[in-house]
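Chains as they are written, first to last, in this note's numbering: chain A, 541 to 799; chain B, 2 to 231.
Ideal Cβ placement from N, Cα and C applies to all residues, glycine included.
All values reported here derive from a predicted model rather than from experimental measurement.
Step one of this worksheet: look at the structure below.
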């Protein structure tokens with residue numbers, strides 16, 4: 541196979557970037573997209589050029605490290621797939637592909653297709669955890685969890701934090717990521733004590749990071765490699781509204797000397 | 002560096018300063034406005050029951066004095082908040098992606114969702130014209146106080162008045178098409194199980210509202226109503 545690539549090349553955040561055209565010949569259809577880039581990079585190195593920088597780690601679709609835009613879609617054209625698990629057989633000989641980094645103010649560019657997604661770490665640090673001494677693993681079923689809650693929490697926990705939702709969102713909103721974390725923890729008994737503090741802290745942090753708002757356009761859901769559902773956003777909104785009302789109550793009680 | 006940013010987190014960031022809070026305000030005011038749009042449409046359809054009926058309805062509304070003004074105040078506040086917060090969100094959204102994509106596919110192509118910011122101002126502009134035309138009579142079009150039937154018929158016989166009205170009510174339909182479901186989602190009333198139903202209801206309300214409003218200029222232009230008006 542022969543693939544024509546237009547890749548965003550940018551040395552660092554302060555220098556301007558541009559699209560550069562590359563031709564990759566002898567692409568094996570069984571290669572993953574990243575393997576195809578590896579082949580191109582080897583050629584570039586041999587020619588004395590800088591290889592294309594892209595993030596990757598596990599290359600089996602579970603770590604959330606890889607990800608860029610292929611022809612205007614985060615992780616490329618295949619639904620429910622990370623770019624490392626996207627194989628070249630899904631493309632046709634002679635296809636022309638445009639590769640761009642994830643774009644958002646909260647994801648500053650580092651180099652080429654690599655962006656800094658530390659904002660997600662700060663969202664998690666703001667409240668995406670459960671503050672208990674973990675100890676050894678509890679016995680199975682020691683804490684009963686309703687089947688429905690377990691299923692939904694598990695679906696939300698599938699989020700790998702790759703940032704495709706932010707990249708695809710017309711508003712660069714982190715709502716799907718936040719919703720996934722808040723649903724994952726908020727549905728389980730272990731997550732109940734901090735449920736409302738968590739949503740207030742995480743939603744506030746997202747506002748500070750400069751993510752946009754959710755307009756319920758549904759683009760995040762369409763490109764999510766883990767198929768996180770839009771309903772997690774509704775759940776987050778619900779918890780946020782309850783938390784805001786509860787918080788008002790608490791604040792007023794404290795001010796009145798009750799608390 | 003990250004620790005410094007985390008210490009800035011304060012869950013007491015006011016409700017109206019957070020996108021989710023702003024959206025909740027837009028949603029609640031949107032619900033008030035959808036309620037009004039549907040009620041106003043049902044009230045207007047009385048024009049098909051004849052001049053006496055619709056004019057009596059107008060008189061009833063105008064004779065309710067303080068109640069009418071209370072309703073107008075609620076609507077004005079709702080419209081004001083709806084516009085202020087959507088503009089704030091729109092400006093924030095523009096800041097959220099300073100470098101735009103060279104190529105971008107809109108998946109799925111949620112036309113109504115992404116044109117809310119366009120249909121909104123157009124509807125607002127129309128509402129001003131509409132109030133000047135049929136409430137205060139200052140639009141330079143035929144107007145007699147409390148003679149709704151004749152005012153509407155004479156107005157809609159002018160092709161560009163009908164056209165503006167038909168475009169505007171179609172935009173209202175598009176706005177509600179996405180707006181009703183989106184509002185429920187923003188307020189947290191959504192779940193995978195009943196999302197298709199909620200979306201269908203939202204689309205149906207948008208469509209029926211637009212059709213209800215469209216029926217009036219169509220009836221005037223085809224001569225179905227207003228035969229005795231010159």
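Contact defined as beta carbons within less than 8 Å: I believe residue i pairs with residue j. What is the distance between those atoms, to the nearest angstrom?
{"i": "residue 599 of chain A", "j": "residue 624 of chain A", "result": "4 Å"}
{"i": "residue 735 of chain A", "j": "residue 779 of chain A", "result": "7 Å"}
{"i": "residue 84 of chain B", "j": "residue 125 of chain B", "result": "7 Å"}
{"i": "residue 722 of chain A", "j": "residue 739 of chain A", "result": "5 Å"}
{"i": "residue 709 of chain A", "j": "residue 759 of chain A", "result": "6 Å"}
{"i": "residue 626 of chain A", "j": "residue 550 of chain A", "result": "Their Cβ separation, rounded to whole angstroms, is 23 Å, which puts residue 626 of chain A and residue 550 of chain A out of contact at 8 Å."}
Determine the burial state of residue i: buried for a count of at least 16 other Cβ atoms within 10 Å of its Cβ, exposed for fewer.
{"i": "residue 799 of chain A", "result": "Residue placement at residue 799 of chain A is poorly supported in this model, since its pLDDT is 34, which falls under 50; the coordinates are not used for a value here."}
{"i": "residue 211 of chain B", "result": "buried"}
{"i": "residue 786 of chain A", "result": "exposed"}
{"i": "residue 679 of chain A", "result": "exposed"}
{"i": "residue 545 of chain A", "result": "buried"}
{"i": "residue 659 of chain A", "result": "buried"}
{"i": "residue 75 of chain B", "result": "exposed"}
{"i": "residue 95 of chain B", "result": "exposed"}
{"i": "residue 77 of chain B", "result": "exposed"}
{"i": "residue 590 of chain A", "result": "exposed"}
{"i": "residue 146 of chain B", "result": "exposed"}
{"i": "residue 676 of chain A", "result": "exposed"}
{"i": "residue 137 of chain B", "result": "exposed"}
{"i": "residue 53 of chain B", "result": "exposed"}
{"i": "residue 228 of chain B", "result": "exposed"}
{"i": "residue 580 of chain A", "result": "buried"}
Measuring alpha carbon to alpha carbon, tell me which of the options ends up nearest residue i.
{"i": "residue 163 of chain B", "options": "B:15, B:192, B:131 and B:198", "result": "B:131"}
{"i": "residue 654 of chain A", "options": "A:667, A:639, A:665 and A:662", "result": "A:639"}
{"i": "residue 89 of chain B", "options": "B:129, B:56 and B:26", "result": "B:26"}
{"i": "residue 666 of chain A", "options": "A:550, A:746, A:687 and A:560", "result": "A:746"}
{"i": "residue 224 of chain B", "options": "B:146, B:159 and B:171", "result": "B:159"}
{"i": "residue 118 of chain B", "options": "A:757, A:677 and A:763", "result": "A:757"}
{"i": "residue 606 of chain A", "options": "A:612, A:593 and A:617", "result": "A:593"}
{"i": "residue 763 of chain A", "options": "A:729, A:615 and A:712", "result": "A:615"}
{"i": "residue 729 of chain A", "options": "A:687, A:718 and A:702", "result": "A:687"}
{"i": "residue 103 of chain B", "options": "A:560, A:685 and A:682", "result": "A:560"}
{"i": "residue 771 of chain A", "options": "B:68, B:193, B:127 and B:121", "result": "B:193"}
Could you tell me which chain B residues have their CB closer than 8 Å to the CB of residue i, listed as they occur along the chain?
{"i": "residue 559 of chain A", "result": "103"}
{"i": "residue 629 of chain A", "result": "Neighbours of residue 629 of chain A on chain B: none; closest Cβ ~21 Å, over 8 Å."}
Tell me which same chain residues have a C-beta within less than 7 Å of the C-beta of residue i, skipping the five on either side of it?
{"i": "residue 174 of chain B", "result": "207, 208, 210 and 211"}
{"i": "residue 191 of chain B", "result": "185 and 199"}
{"i": "residue 213 of chain B", "result": "42 and 46"}
{"i": "residue 860 of chain A", "result": "No answer is possible for residue 860 of chain A: it lies beyond the span of chain A, which begins at 541 and ends at 799."}
{"i": "residue 23 of chain B", "result": "17, 86, 89 and 90"}
{"i": "residue 766 of chain A", "result": "698, 699 and 700"}
Among the residues of its own chain, which have a CB less than 6 Å from the CB of residue i, if the five just before and after it don't count?
{"i": "residue 142 of chain B", "result": "134 and 156"}
{"i": "residue 574 of chain A", "result": "596 and 624"}
{"i": "residue 28 of chain B", "result": "184, 187 and 188"}
{"i": "residue 636 of chain A", "result": "544"}
{"i": "residue 178 of chain B", "result": "113, 204 and 207"}
{"i": "residue 571 of chain A", "result": "628"}
In chain B, what lies closer than 7 Å to residue i by C-beta?
{"i": "residue 710 of chain A", "result": "115"}
{"i": "residue 769 of chain A", "result": "193"}
{"i": "residue 623 of chain A", "result": "Ordered by position in chain B, no residue passes the 7 Å Cβ test against residue 623 of chain A, which lies about 15 Å from the chain."}
{"i": "residue 751 of chain A", "result": "97"}
Quick one: which chain A residues come within Cβ less than 8 Å of residue i?
{"i": "residue 190 of chain B", "result": "774 and 778"}
{"i": "residue 106 of chain B", "result": "611, 612 and 613"}
Near residue i, which residues of its chain fall below 8 Å by C-beta distance, leaving aside the five closest residues on each side in sequence?
{"i": "residue 202 of chain B", "result": "181 and 182"}
{"i": "residue 231 of chain B", "result": "none"}
{"i": "residue 115 of chain B", "result": "107"}
{"i": "residue 776 of chain A", "result": "715, 718, 719, 722, 723, 739 and 743"}
{"i": "residue 737 of chain A", "result": "667 and 783"}
Name the chain B residues whose beta carbon is nearer than 9 Å to that of residue i?
{"i": "residue 653 of chain A", "result": "Those within 9 Å of residue 653 of chain A in chain B number zero; the least Cβ separation is about 13 Å."}
{"i": "residue 758 of chain A", "result": "108, 109, 111 and 114"}
Quick one: which chain A residues come within Cβ less than 9 Å of residue i?
{"i": "residue 18 of chain B", "result": "744 and 747"}
{"i": "residue 151 of chain B", "result": "Near residue 151 of chain B there are no residues of chain A at all, since even the closest Cβ is about 42 Å away, more than 9 Å."}
By the criterion of Cβ-Cβ separation under 7 Å, what are the contact partners of residue i in chain A?
{"i": "residue 1 of chain B", "result": "Here chain B comprises residues numbered 2 to 231, so residue 1 of chain B is not present and cannot be evaluated."}
{"i": "residue 22 of chain B", "result": "784"}
Which residues in chain D sit within 8 Å of residue i, going by Cβ to Cβ distance?
{"i": "residue 763 of chain A", "result": "Among the protein chains of the structure shown, namely A and B, there is no chain D."}
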